[in-house]
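Residue numbers (the working numbering): 11 to 341. Glycine included, every Cβ here is placed at the ideal spot set by N, Cα and C.
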Amino acid sequence: MTLRQFKVWRGDGSGGQLNDYQVEVNEGEVVLDVIHRLQATQEPDLACRWNCKAGKCGSCSMEINGMPRLGCMTRMSTFEDDETITVTPLRTFPVIRDLVTDVSFNYQKAVEMPAFAPPPGVEPGEYRMQQVDVDRSQEFRKCIECFLCQNTCHVVRDHEENKPPFSGPRLFIRAAELDMHPLDARHDRKEIAQQSQGLGYCNITKCCTEVCPEHIKITDNAIIPMKERVVDRRYDPLVVFGRKILRRDQLATTVPAGPTVHAGPVTVADDKAPVDFGRETRAPQGPEVNAQGHVNLNEMLSDRSAAASPFGDNITFPVDPKSLNYYHPDR
């Protein structure tokens, strides 16, 4: 057992300061162990959230030496023996007391996310998916909602005014998961992410991926593919030109003005599920072109162009989950 130097932030929403402590540390301990010993020996009123102590609940999120981390997964052996360890609350969210912050922003944004919309005529327990479809979204379901990605995202970390229009990385992976779900009857997930959740605010610095304790490739497998799928309608020069020469009433509206809170089932044409489990493998289908070989302007403006799915249908089994990603499942 050795004595280590700590700086721990004490205070509340009105202000606070970093206090110096010398705390005993045993071999193999993590930062959360030291915080508990500090509570037991010197600061019994020190506030700190924790639950599972196994890196699966996300409760003990904090900033350790300026880096957003889980206290229960940050081993003391990663620091030098003479290094002072500074522990502070998550900077992006309002401080309640000491290391406890108010993360209700994330739950409010989750409520605004349109829920999974099952196809009509299919009851719970009757959902059937191919294993490859399960593997595509399995990565995103590892999220433990520690909100470290939300905390480190500079869009809201450095700009409080961006919080109302911006949902953040945690909700973007949820939007991507639902967008790739073969049984989700909504077809406007990417447009909602762009227009209502602030997808365009993200400039893909990958800081969210860097701090994720579950090693989810948030940027590469969720945010970038979602941005690519809306870029043709919003930033392609031909589409911009088409929007200028056509009246607004000639362009179909794909997304409501405001987010739909947990919308009910969506009606699908001919009362059929949006997936055919008996479909045959077919070659990728390119966009429609005219006799001169030019892409039809209506095709460019459509929200359902004839291009093949970015996931592809030419999947061979078994699929290695480690080599599978959102945009290129065959790699």
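DSSP places Met-11 in the coil class of the three-state scheme, outside both helix and strand. In this structure, Trp-60 lies near Gly-81, with their beta-carbon atoms less than 9 Å apart. Assignment of beta-bridge partners to Leu-28 by DSSP yields Trp-19. Thr-162 carries a helical assignment under DSSP once its states are collapsed to helix, strand and coil. Under a 10 Å Cβ-count criterion, Asn-231 is classified as buried, with 16 or more other Cβ atoms of the shown protein chains found around its own Cβ. Below 8 Å, too few C-beta pairs join the region 213-229 and the region 187-197 to call them touching: fewer than three. The region 88-102 makes contact with the region 12-23, as at least three CB pairs between them are under 8 Å. Distance from the CA atom of Leu-42 to the CA atom of Phe-126, rounded to whole angstroms, is 36 Å. The straight-line gap separating the alpha-carbon atoms of Val-110 and Gly-23 is approximately 10 Å. Among the bridge pairs identified by DSSP, Thr-98 is matched with Glu-73. Under the three-state reduction of DSSP output, Ile-202 falls in the helix class. The straight-line gap separating the alpha-carbon atoms of Lys-200 and Asp-145 is approximately 20 Å. The count of Cβ pairs closer than 8 Å, one atom from the region 67-76 and one from the region 20-36, stays below three, leaving the stretches out of contact. Fully enclosed alpha helix (DSSP H) runs of no fewer than 4 residues occupy 41-51 of the region 37-76, in order along the chain. Within the region 129-189, the complete alpha helix (DSSP H) segments of 4 residues or longer fall at 141-148, 158-162, 164-167, 179-189, listed in chain order. Ranking Glu-155, Tyr-211, Pro-124 by CA distance to the CA of His-164 puts Tyr-211 first. Partner residues in the beta bridge of Thr-111, as assigned by DSSP, are Val-105. Linking Cys-62 to Glu-34 through their CA atoms gives a straight-line distance of about 23 Å.
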